[in-house]
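Data first, discussion second: the structure below is written as structure tokens.
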Amino acid sequence: MEPVSRVTVVGCGYWGKNLVRNFHALGALEAICESAQAGRETAAALAPEIPLVDDFEAVLESSVPAVVLATPAVTHFELVRQALEAGKDVFVEKPLALTFAEGEQLVQLAQERERILMVGHVLEYHPAIVRLREMIESGELGKIHYVYSNRLNLGKIRREENILWSFAPHDIAVILGLMKAMPFQVSATGGAYVQANIPDTTITNLLFDNGARAHVYVSWLHPFKEQRLVVIGSKKMASFDDVSKQLLVYDQRVDVRDGEPIPIKAEGEPVEFGDGEPLRRECEAFLEAVRTRQAPLTDGVSGLRVLEILQAAQKSLTLGGEGVTLPLERGHAGSLGGPMPTTATAAP
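When the letters of the sequence shown are read in order and numbered with our numbering, they come out as residues 1 to 348.
And the structure:
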């Protein structure tokens, strides 16, 4: 049996505690780094036998080969940089960094040091998303016309990042995975109602070369929780509701008969997609990447593509919704690991 890779989890707060729980259950947790008292208490309750340190320098100097970062987004660039330079493999929660230029530096550094760099886009590992990706790749849905995603709730409202950077990375990562392409234009609008200059709600539009579109609507100022992804194809349509945990496929479309568009309607049919906690699968993927030295699904390059879209959307927000053309001036996100096409590929 292959030995399990060892990791140190840095941060045991709102999301970090879930990473602690999973890596501990997988037998890979060697140490936890946390300086806040509340986080230290959580760490002690979750994994009382695991050493607890409060100094990141101690993590860098330790013999543990991999670091898992669950710290505020503003710290990601510097902590990832230090960990890579110390020879560690790194898993970092989204986003990879706060600018495309910083993300590009980290991807280049990981490649130069031959280190694994993985970004925490956990939805890519959800069994329902994996099944939906298989349906698209097989051509079951036909040519993809458009995709939309809603991620809405009341709170958790952050002060260090806006809703675009907090919620949208999940859905952008999934949409890029489904479309297997980068858009050529991004636009975004939104509003800041709770805190000045920190948007609470945004709508980001992505336009692909073949006319396919996608939009991502995110808000933490909303009366009810909704996490829904809808894919409209030329043959069938699909919907995944992450609240009800239900994936439905609709054998419906619009046919044209004698020049007249005729809607063909049908009830949604449930699609089985298996079980398994997405975060557990993501943690397993990181350990497998460390063991095999093979890039994971959500590697640094994929995280950089998401970052490129986030930065373009942020620019569009400041320009009042004006479209921003990709690639950004600093270079194309795909160029570091094999370019991702700008035309969405889907079966006819």
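Ideal Cβ placement from N, Cα and C applies to all residues, glycine included.
From the options, residue whose alpha carbon lies closest to that of residue i
{"i": "Asn210", "options": "Tyr146, Ala86, Pro223", "result": "Tyr146"}
{"i": "Val356", "options": "Ala45, Thr99, Asn18, Ser244", "result": "The structure shown has nothing for residue 356, since the chain only spans 1 to 348."}
{"i": "Pro95", "options": "Pro278, Asp275, Leu26, Leu79", "result": "Leu79"}
{"i": "Ala44", "options": "Leu60, Val20, Gly190, Gln314", "result": "Val20"}
{"i": "Trp15", "options": "Phe23, Ala70, His126, Ser166", "result": "Ala70"}
{"i": "Glu308", "options": "Pro296, Arg293, Val324, Gly320", "result": "Val324"}
{"i": "Leu297", "options": "Gly233, Asp54, Gly177, Gly191", "result": "Gly177"}
{"i": "Val7", "options": "Glu140, Glu284, Ala295", "result": "Glu284"}
{"i": "Ala312", "options": "Ser63, Val194, Met182", "result": "Met182"}
{"i": "Glu322", "options": "Thr204, Ala101, Ser302", "result": "Thr204"}
{"i": "His170", "options": "Ala25, Gln246, Ile116, Tyr148", "result": "Tyr148"}
{"i": "Ala66", "options": "Arg305, Ser302, Arg293, Val301", "result": "Arg293"}
{"i": "Ala25", "options": "Gly13, Glu41, Ser5, Gly39", "result": "Ser5"}
{"i": "Phe23", "options": "Gly39, Thr42, Ala47", "result": "Ala47"}
{"i": "Val306", "options": "Val186, Asp55, Cys33, Glu112", "result": "Val186"}
{"i": "Val64", "options": "Thr75, Ala86, Val74, His76", "result": "Ala86"}
{"i": "Tyr217", "options": "Trp165, Gln108, His126", "result": "Trp165"}
{"i": "Phe184", "options": "Ile198, Ala212, Ile163", "result": "Ala212"}
{"i": "Ser234", "options": "Ala101, Tyr125, Ala295, Gly142", "result": "Gly142"}
{"i": "His126", "options": "Lys180, Phe208, Ala173", "result": "Ala173"}
{"i": "Leu109", "options": "Leu326, Leu84, Phe208, Ala101", "result": "Leu84"}
Residue i burial status per 10 Å Cβ neighbour count (16 or more: buried)
{"i": "Gly106", "result": "Inspection of the sequence shows that residue 106 is occupied by Leu rather than by Gly. When all chains shown are included, Leu106 counts as buried."}
{"i": "Ser35", "result": "exposed"}
{"i": "Gly144", "result": "A quick correction: the sequence has Ile, not Gly, at residue 144. So Ile144 ends up on the buried side."}
{"i": "Thr378", "result": "Beyond the ends of the chain as shown, which are 1 and 348, falls residue 378; an answer cannot be given."}
{"i": "Pro72", "result": "exposed"}
{"i": "Leu328", "result": "buried"}
{"i": "Glu282", "result": "buried"}
{"i": "Pro339", "result": "Because Pro339 sits at a pLDDT of 43, beneath the cut-off of 50, its placement in the model cannot be relied upon, and the following sentence gives the value as read from the coordinates. The residue in question, Pro339, is exposed, as its Cβ has fewer than 16 Cβ neighbours within 10 Å."}
{"i": "Ala58", "result": "exposed"}
{"i": "Gly191", "result": "exposed"}
{"i": "Leu304", "result": "buried"}
{"i": "Ser302", "result": "buried"}
{"i": "Leu403", "result": "Because the chain here runs from 1 to 348, residue 403 falls outside it and cannot be looked at."}
{"i": "Gly300", "result": "buried"}
{"i": "Glu104", "result": "buried"}
{"i": "Glu112", "result": "exposed"}
{"i": "Ser244", "result": "exposed"}
CA-to-CA distance, residue j to residue i, given in whole angstroms
{"i": "Glu30", "j": "Pro51", "result": "7 Å"}
{"i": "Arg228", "j": "His215", "result": "12 Å"}
{"i": "Pro261", "j": "Asp255", "result": "6 Å"}
{"i": "Asp258", "j": "Ala196", "result": "55 Å"}
{"i": "Pro223", "j": "Asp200", "result": "13 Å"}
{"i": "Glu226", "j": "Ser219", "result": "10 Å"}
{"i": "Arg253", "j": "Met135", "result": "16 Å"}
{"i": "Leu175", "j": "Leu123", "result": "Per the sequence shown, residue 175 should be read as Ile rather than Leu. Computed Cα separation, rounded: 10 Å."}
{"i": "Leu206", "j": "Gly120", "result": "22 Å"}
{"i": "Arg159", "j": "Leu221", "result": "14 Å"}
{"i": "Val9", "j": "Leu287", "result": "13 Å"}
{"i": "Glu49", "j": "Leu279", "result": "22 Å"}
{"i": "Gly268", "j": "Ile232", "result": "13 Å"}
{"i": "Asp290", "j": "Tyr193", "result": "Here residue 290 is Val; the residue named in the question, Asp, does not match the sequence. Near 43 Å, if we compare the C-alpha coordinates of Tyr193 and Val290."}
{"i": "Glu61", "j": "Glu140", "result": "51 Å"}
{"i": "Glu114", "j": "Gln37", "result": "35 Å"}
{"i": "Asp251", "j": "Lys265", "result": "7 Å"}
{"i": "Phe167", "j": "Leu248", "result": "23 Å"}
{"i": "Gln246", "j": "Gly39", "result": "34 Å"}
{"i": "Glu161", "j": "Ala28", "result": "31 Å"}
{"i": "Leu117", "j": "Gln82", "result": "13 Å"}
{"i": "Cys33", "j": "Ser138", "result": "44 Å"}
{"i": "Phe77", "j": "Ala97", "result": "5 Å"}
{"i": "Thr42", "j": "Val53", "result": "13 Å"}
{"i": "Lys156", "j": "Gly13", "result": "13 Å"}
{"i": "Asn163", "j": "Thr189", "result": "It is Ile, not Asn, that sits at residue 163 in the sequence shown. One C-alpha to the other measures close to 12 Å."}
{"i": "Lys315", "j": "Leu154", "result": "25 Å"}
The ligand COA heavy atom lying under 7 Å from the CB of residue i
{"i": "Pro48", "result": "Ligands are entirely absent from the displayed structure, and the ligand COA is therefore not among its contents."}
- Query: Which runs of the beta strand (DSSP E) fall wholly inside the stretch 45-108 and span at least 3 residues, in chain order?
  - Reply: Listed in chain order, they are 66-69, 89-93.
- If we count Cβ pairs, one from each stretch, closer than 8 Å, do we get three or more for the stretch 233-243 versus the stretch 91-102? The stretch 233-243, when compared against the stretch 91-102, does not touch it at the 8 Å Cβ threshold.
- Message: Contact between the stretch 272-284 and the stretch 122-137 is defined here as three or more beta-carbon pairs at a separation below 8 Å; is this criterion met?
- Response: Short answer: they touch.
- Task: Return the chain-ordered ranges of every alpha helix (DSSP H) run that is complete within the stretch 123-194 and spans a minimum of 4 residues.
- Result: Entirely contained in the stretch 123-194, the alpha helix (DSSP H) runs reaching 4 residues are, in chain order, 127-138, 163-179.
- Run through the stretch 257-300 for me and flag every whole alpha helix (DSSP H) of 4 or more residues, listed as ranges in chain order. Entirely contained in the stretch 257-300, the alpha helix (DSSP H) runs reaching 4 residues are, in chain order, 278-292.
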